[in-house]
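In our numbering, the protein residues as written are 204 to 334.
Ideal Cβ positions, reconstructed from N, Cα and C, are used throughout, including at glycine.
Structure first, commentary second.
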Amino acid sequence: MRLCHNCHTPWDAGKPKPAPKDSCPACDAYLHCCLNCRHHRPSLHNQCYIPNTEWVGDRRGMNYCDEFEFRITKPGGQEDAQQQAARSSLEALLGADPTPGPPNSLDSLFSGGASTESRPKSLEDLFKEEE
Ligand SMILES: [Zn+2]
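If you want it as structure tokens, here you go:
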């Protein structure tokens, strides 16, 4: 989803890139500008991920940069975080099942990483005891 950098209104004109003079229908901010570009990196020297682009003085103003690609914002990034939180809490609920059955305990015995890690140590202990 392509959002206006200024007012975060979704921009969907049926094309991947706005024309240099296209502007946001909601706030009239220029769309073909660094602030809308996925290559914009304020921390870099040229403030651009593409190394040999021309210096742009006004990051909010329109440019004619050939490397411009509209920054894609995942719809509802916060919802993803909420889904992850819900999933982890669900896993916590399943893991903290107060009624563990015999299959679960058997699985934990045979598939536990701790038991395989302790196996060589126990072998070494056996040899030490034989000496
Ligand atoms: Zn806007």
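### Query
Can the beta-carbon of arginine 263 be found less than 8 Å from the beta-carbon of cysteine 236?
As a first step, residue 263 is located in the sequence shown; it is residue number 60 there, counting from the start. As a first step, residue 236 is located in the sequence shown; it is residue number 33 there, counting from the start. Contact flag set, yes.
### Query
What residue from Asp261, Arg274, Leu293 and Glu270 has the CA that sits closest to histidine 211's CA?
By 1-based counting over the sequence shown, the position of residue 211 is 8. The shortest Cα separation from histidine 211 among Asp261, Arg274, Leu293 and Glu270 belongs to Arg274.
### Query
Which residue from Thr256, Arg244 and Leu234 puts its Cα closest to that of alanine 216?
On the sequence shown, position 13 is the one that residue 216 refers to. When each option's Cα is compared against that of alanine 216, the closest is Leu234.
#### Entry: Sequence-distant residues of the same chain with beta carbon closer than 6 Å to proline 223, five excluded per side
Locating residue 223 in the sequence shown gives position 20, counting from the first residue. Correct list, in chain order: His235, Met265 and Tyr267.
### Query
Do you know offhand how far glutamate 272's Cα is from leucine 293's?
Against the sequence shown, residue 272 aligns to sequence position 69. Against the sequence shown, residue 293 aligns to sequence position 90. Straight-line Cα distance between these residues: approximately 38 Å.
### Query
Under the rule that 16 or more other beta-carbon atoms within 10 Å means buried, what is histidine 243, buried or exposed?
Position 40 of the sequence shown holds residue 243. Its Cβ being crowded by 16 or more others within 10 Å, histidine 243 is buried.
### Query
For leucine 206, which three-state DSSP category applies?
For the purposes of this step, residue 206 is taken as residue 3 along the sequence shown, with counting starting at 1. Strand at leucine 206.
### Message
For glutamate 238 and alanine 295, I'd like the C-alpha separation in whole angstroms.
### Response
Residue numbering aside, residue 238 sits at position 35 when the sequence shown is read from its first letter. Residue numbering aside, residue 295 sits at position 92 when the sequence shown is read from its first letter. Note that residue 238 corresponds to leucine in the displayed sequence, not to glutamate. Leucine 238 and alanine 295: Cα-Cα distance of roughly 40 Å.
### Message
Let me check one thing: in DSSP terms, what residues is threonine 251 bridge-paired to?
### Response
Within the sequence shown, the letter at position 48 stands for residue 251. Note on residue identity: the sequence assigns cysteine, not threonine, to residue 251. Cysteine 251 is bridged to His243.
### Query
For cysteine 240, does the count of other Cβ atoms within 10 angstroms reach 16, so buried, or fall short, so exposed?
Translated into positions along the sequence shown, residue 240 becomes position 37. By the neighbour-count rule (16 or more Cβ atoms within 10 Å), cysteine 240 is buried.
#### Entry: Proximity to asparagine 209 [Cα-Cα], best of Asp225, Lys218 and Asp231
On the sequence shown, residue 209 is found 6 positions in, with the first residue counted as 1. Measuring from the Cα of asparagine 209, the nearest candidate turns out to be Asp231.
#### Entry: Euclidean distance between Cα positions of tryptophan 214 and leucine 297
Mapped onto the sequence shown, residue 214 falls at position 11. Mapped onto the sequence shown, residue 297 falls at position 94. Straight-line Cα distance between these residues: approximately 42 Å.
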